[in-house]
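In what follows, a single structure is set out as structure tokens and then discussed.
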């Protein structure tokens, strides 16, 4: 009986030793962050609270839309997100754009709402940065979506954008044509601060 107990104990110790040898890869992850009691007040170009913004685009011709690309667009409308009353601890701001309902992840544009009566077909909207140094297209729904970062000076800053009509990724002239109609879509922005 005594030998069986020693043998069982020796086997258990040997098994534990092999387990610890298998778990030899150890690392450390450090998380840094901050807590603030307030963030910035965000408004649009005309000073309206930016929680719900409506931007009206101009009417464009189907023939002109067929001539543009997803990286250029037509019928642009500029808009901006103004930050004010930011705490002194915040020095930079950026926005990330997503849309669970309308994001066309194949090219980072926004699909038109097909539930709107008389909607256009194969017409999307694209968002672009709109600063003197950054004018590239923002890829909606992509975590690395090419958005700009602005400095917050004296508790204020601005992010400038434009939105434009573009052909959808599904558009093929003569096969899957653009059709005239209403275009409505939406996007959610999430502000990030440093």
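Numbering (mature numbering (1 follows the signal peptide of the UniProt record, and there is no 0)), first residue to last: -23 to -1, 1 to 171. A virtual CB, placed ideally from N, CA and C, is assigned to each residue, including glycine. Keep in mind the model is a prediction, meaning the values are calculated, not measured.
With distance defined between alpha-carbon atoms, name the residue in the options nearest to residue i.
i	options	result
residue 140	32, 60, 159, 131	32
residue 82	102, 129, 56, 151	102
residue 22	61, 165, 6, 79	61
residue 64	133, 161, 169	133
residue 59	120, 17, 160, 159	17
residue 144	104, 8, 151, 46	46
residue 166	20, 112, 159	20
residue 150	26, 8, 44, 120	44
residue 256	159, 4, 104	What is shown of the chain runs -23 to 171, which leaves residue 256 out entirely.
Return the Cβ separation of residue i and residue j in integer angstroms, given the expectation that the two are a contact with Cβ distance under 8 Å.
i	j	result
residue 177	residue 99	The question about residue 177 has no answer, for the chain in this structure spans -23 to 171.
residue 85	residue 122	7 Å
residue 110	residue 69	No, residue 110 and residue 69 are not in contact; Cβ-Cβ is about 15 Å, not under 8 Å.
residue 97	residue 157	6 Å
residue 106	residue 124	7 Å
residue 135	residue 40	Not confirmed; about 35 Å, so no contact.
Using 8 Å as the threshold, is the C-beta distance between residue i and residue j below it?
i	j	result
residue 142	residue 50	yes
residue 67	residue 129	yes
residue 79	residue 115	no
residue 76	residue 164	yes
Residues in its own chain within less than 8 Å of residue i by CB, not counting five upstream and five downstream?
i	result
residue -3	With a pLDDT of 49 at residue -3, under the threshold of 50, the modelled position of this residue cannot be trusted, and the question is left open.
residue 6	none
residue 35	52, 54
residue 30	21, 56
residue 147	99, 153
residue 112	105, 106
Excluding the five sequence neighbours on either side, which residues of its own chain have a C-beta within less than 6 Å of the C-beta of residue i, listed in chain order?
i	result
residue 169	71
residue 92	none
residue 37	51, 52, 142
Cβ-heavy atom distance between residue i and the ligand GTP below 7 Å?
i	result
residue 48	Of the ligands one can find in the structure shown there are none, so the ligand GTP has no counterpart to examine.
Suppose the cutoff is 7 Å on Cβ atoms and the five residues either side in sequence are ignored; what does the same chain contact list for residue i look like?
i	result
residue 162	79, 87, 88, 89, 90, 102
residue 28	none
Quiz item: In the segment 31 to 114, which residue ranges form an unbroken alpha helix (DSSP H) of at least 4 residues, counting only runs that do not cross its ends?
Solution: 39 to 44
Practice problem: Mind listing, in chain order, the continuous alpha helix (DSSP H) runs of no fewer than 4 residues lying wholly within the segment 131 to 169? | Solution: none
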